[in-house]
Amino acid sequence: MSELCVLLVDDEMELVQAMAERLELRGFTAVGVRSARDALHALDEDDFDVVVADVRMPRMGGIQLARRIRRKHPGAAVVLLTGHGSRRDAEEGKKAGAMAYLAKPIDLADLIQVVRDAVSAKKRRDSS
Amino acid sequence: MTAGRDLKRAGLSFFGDVTAGITHDIRNSLAILKEISGLLSDLGDAAGEGGTLDAERVKSIAGRLDVQVNRANATVGLLNRFAHSVDVPRRRIDLRETVAMVGDLAKSKAVRKRVSLEVVLPEHGLGVEGDPFLLEHVIFLLLGMTIESAERGGTVTLALSPAGPGATICFEGAGRGKVRMEGAVSHLLTLTGCTAEYEGRGDTLVLELPGRMPGKESTDHG
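Top to bottom, those sequences are chains A and B. Sequential numbering of the first sequence, starting at 1, is according to the working numbering. Sequential numbering of the second sequence, starting at 1, is according to the working numbering.
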C-alpha cells in the first residue's frame, strides 16, 4: 500500500521532479506540477493528503494557493516551501491555512517528517 | 534628508534588491542540486541493498546535475559582474553588456508580475562614458516602473539603439499610463545627464543617453 499521496508545486520543475522521484523511492505517491493553477486542476481530479508548495511562484504564489485549498479542498494539508525563510511569510502562510513551513534547500527526511506531522495535525484538527 | 543621502540610500536599496533576487535564484539552484544529488545517493543505496543500478538513469541524472551547476554558475557570474560595476566611478561603458545585464537582473521581477521581458540589442558595439553603477540604477528603475505598469500577461521590451554620440533606450509595454520622474529617478537622470520622456499615449518610455555623462572622477553613490 502506498504511503501518503503528495502533490508538489514549484515553478522549478527540475526540483519538483527530483523530489517526486525521491518520495516515490520511499513508497509515497508523488505528483509534481509547475504552477498553482495546475495544482488546483490536479486537486479537482484526484485526492491528495498533502500539498507541498513554493511560496514564490509566478501568477499565484503558495500562500494564495493555500487559501484556495482551504476553501475548495479542505481535506488536503498544505506545507509551504520558500527560498527566503522570512517570518512574515511563515505567519501569512499559517493564517492562510498552511500546517508547516520549510526553508529551501530542504532535507528530504525533514520534509517527510513535516508532511506526516502536517497530515496528522490536520486530521486531529478536523476531527475536534 | 539631503538629495545626496537620498541617492546613497536609493543606491543601497538597488544593490539590496538585486542581491535579494539573485540569492533567491542561487538558493533555488542549491535546492535542486541537493535533490538531484540526493536522488543519486538514493539509487546507490537501493543498488547496495540488492537492487540494480540503471546506468542510463545515472547518466541522465549526472546530466541534470551539470545543467544546474551551469545555471548556478551563470547566476553567480551575473552577481559578480553587477558587483564590479562600483569598481570605478567613471569608465567607458559597453551599453550592450549593461542593458543585457540589467535585463537579466530584472527577469525575476517580470516573472513575478506575469510579464514577458524582451531585450533587443544592436548588432554592433555601443559605448558611452560615465558611471556604470548610476547608469545601471537608472535603467533598472525605469525598467521596474515599466514592468509595474505593464498589463498582466503583456510584454515589456527593452531596446537599445545608437543616437548620435550617445544612445537611446526604449522601454516599451507600459500599459497604465505615465509615471512621474521624481525622487531617485529624477536625481539619477540629472547626475547621468540623461533625459526620460514618454512617447505617444505613454506606452513607451524613451531614455536618451549622452555620449559623455557629466561628472569627473568621483561620484558619491554609497
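Backbone N, C-alpha and C define an ideal beta-carbon position, used for all residues, glycine too.
Any chain A beta carbon closer than 9 Å to residue i
i                        : result
glutamate 35 of chain B  : yes
leucine 30 of chain B    : yes
alanine 46 of chain B    : yes
histidine 187 of chain B : no
histidine 24 of chain B  : yes
leucine 39 of chain B    : yes
arginine 64 of chain B   : yes
aspartate 54 of chain B  : no
aspartate 17 of chain B  : no
leucine 43 of chain B    : yes
arginine 27 of chain B   : yes
valine 76 of chain B     : no
Nearest-angstrom Cβ-Cβ length linking residue i and residue j, presumed shorter than 8 Å
i                           : j                        : result
phenylalanine 28 of chain A : leucine 43 of chain A    : Contact doesn't hold; Cβ gap of about 17 Å is too wide.
arginine 22 of chain A      : aspartate 104 of chain B : Actually they are not in contact, since the Cβ atoms of arginine 22 of chain A and aspartate 104 of chain B sit about 31 Å apart, beyond 8 Å.
alanine 196 of chain B      : leucine 142 of chain B   : 6 Å
histidine 80 of chain A     : valine 55 of chain A     : Here the sequence assigns leucine to residue 80 of chain A, which means histidine is not the residue at that position. At roughly 5 Å, the Cβ-Cβ gap stays under 8 Å, so leucine 80 of chain A and valine 55 of chain A are in contact.
glutamate 12 of chain A     : asparagine 28 of chain B : 5 Å
arginine 91 of chain B      : proline 122 of chain B   : Going by Cβ atoms, the distance from arginine 91 of chain B to proline 122 of chain B rounds to 20 Å, so no, they are not a contact pair.
valine 76 of chain B        : isoleucine 26 of chain B : 7 Å
aspartate 17 of chain B     : histidine 187 of chain B : Not really, about 17 Å apart at Cβ, beyond 8 Å.
alanine 53 of chain A       : valine 78 of chain A     : 7 Å
Any C-beta of chain B under 9 Å from that of residue i
i                       : result
leucine 108 of chain A  : yes
lysine 104 of chain A   : yes
glycine 62 of chain A   : no
proline 74 of chain A   : no
methionine 1 of chain A : Low local confidence applies: a pLDDT of 48 at methionine 1 of chain A is under 50, so the model's placement there is unreliable, with the coordinate-based value given in what follows. No - not a single Cβ of chain B is within 9 Å of the one on methionine 1 of chain A.
glycine 97 of chain A   : no
glycine 32 of chain A   : no
arginine 37 of chain A  : no
leucine 71 of chain A   : The sequence shown places arginine at residue 71 of chain A, rather than the leucine named in the question. No, arginine 71 of chain A does not count as interfacial toward chain B.
arginine 88 of chain A  : no
glycine 83 of chain A   : yes
arginine 68 of chain A  : no
arginine 59 of chain A  : yes
arginine 56 of chain A  : yes
With 16 other Cβ atoms within 10 Å as the buried cut-off, status of residue i
i                        : result
glutamate 35 of chain B  : buried
aspartate 49 of chain A  : buried
valine 227 of chain B    : Lying outside 1 to 222, the shown extent of chain B, residue 227 of chain B is not represented and no answer is given.
methionine 1 of chain A  : Bear in mind that a pLDDT of 48 at methionine 1 of chain A, under 50, signals an unreliable position, so the model cannot answer this.
valine 120 of chain B    : exposed
lysine 104 of chain A    : buried
proline 136 of chain A   : The structure shown does not extend to residue 136 of chain A, since chain A is modelled only from 1 through 128, so no value can be given for it.
threonine 52 of chain B  : exposed
alanine 167 of chain B   : buried
arginine 34 of chain A   : buried
aspartate 203 of chain B : buried
serine 127 of chain A    : exposed
valine 31 of chain A     : buried
threonine 190 of chain B : exposed
Problem - Cβ pair count under 8 Å reaching 3, the region 4-12 of chain A against the region 38-49 of chain A - result: They touch, by the three-pair rule.
Problem - Segment contact flag, the region 200-212 of chain B with the region 125-142 of chain B, C-beta cutoff 8 Å, min 3 pairs - result: Touching, yes, given that three or more Cβ pairs across the two stretches are closer than 8 Å.
Practice task
Give the residues from the region 7-28 of chain A that approach chain B closer than 7 Å (Cβ to any Cβ), ordered along the chain.
Solution key: Taking 7 Å as the Cβ-Cβ cut-off against chain B, the residues of the region 7-28 of chain A that qualify are Glu12, Glu14, Leu15, Ala18, Met19, Glu21, Arg22, Leu25.
Handout entry: Touching by the beta-carbon criterion (3+ pairs, under 8 Å), the region 118-131 of chain B and the region 91-99 of chain B
Key = Under the three-pair Cβ rule at 8 Å, the region 118-131 of chain B counts as touching the region 91-99 of chain B.
Handout entry: Inter-stretch contact at 8 Å, needing at least 3 Cβ pairs: the region 62-73 of chain B / the region 82-89 of chain B
Key = Fewer than three pairs of CB atoms, one per stretch, sit closer than 8 Å, so the region 62-73 of chain B makes no contact with the region 82-89 of chain B.
Handout entry: Touch test, the region 111-119 of chain B against the region 151-166 of chain B, Cβ-Cβ under 8 Å, three pairs minimum
Key = Using a C-beta cut-off of 8 Å, the region 111-119 of chain B makes contact with the region 151-166 of chain B, since at least three inter-stretch Cβ pairs fall below that distance.
Practice task
Report yes or no: do the region 7-22 of chain B and the region 60-68 of chain A share at least 3 C-beta pairs separated by less than 8 Å?
Solution key: Flag = no, the region 7-22 of chain B and the region 60-68 of chain A do not touch.
Problem - Contact residues within the region 108-123 of chain B, judged by C-beta distance below 7 Å to chain A - result: For the region 108-123 of chain B, the set of residues with a beta-carbon nearer than 7 Å to any beta-carbon of chain A comprises Val111, Arg112, Arg114, in chain order.
Problem - Contact residues within the region 199-210 of chain B, judged by C-beta distance below 8 Å to chain A - result: Of all residues in the region 199-210 of chain B, none places a beta-carbon less than 8 Å from a beta-carbon of chain A.
Exercise for the section: Can you give me, in chain order, the residues of the region 87-106 of chain B that have a beta carbon less than 8 Å from any beta carbon in chain A? Expected result: Within the region 87-106 of chain B, contact with chain A at the beta-carbon level (separation under 8 Å) is assigned to no residue.
Handout entry: Within 8 Å of chain A by C-beta, residues of the region 130-150 of chain B in sequence order
Key = If the cut-off is 8 Å between Cβ atoms, the region 130-150 of chain B has nothing near chain A.
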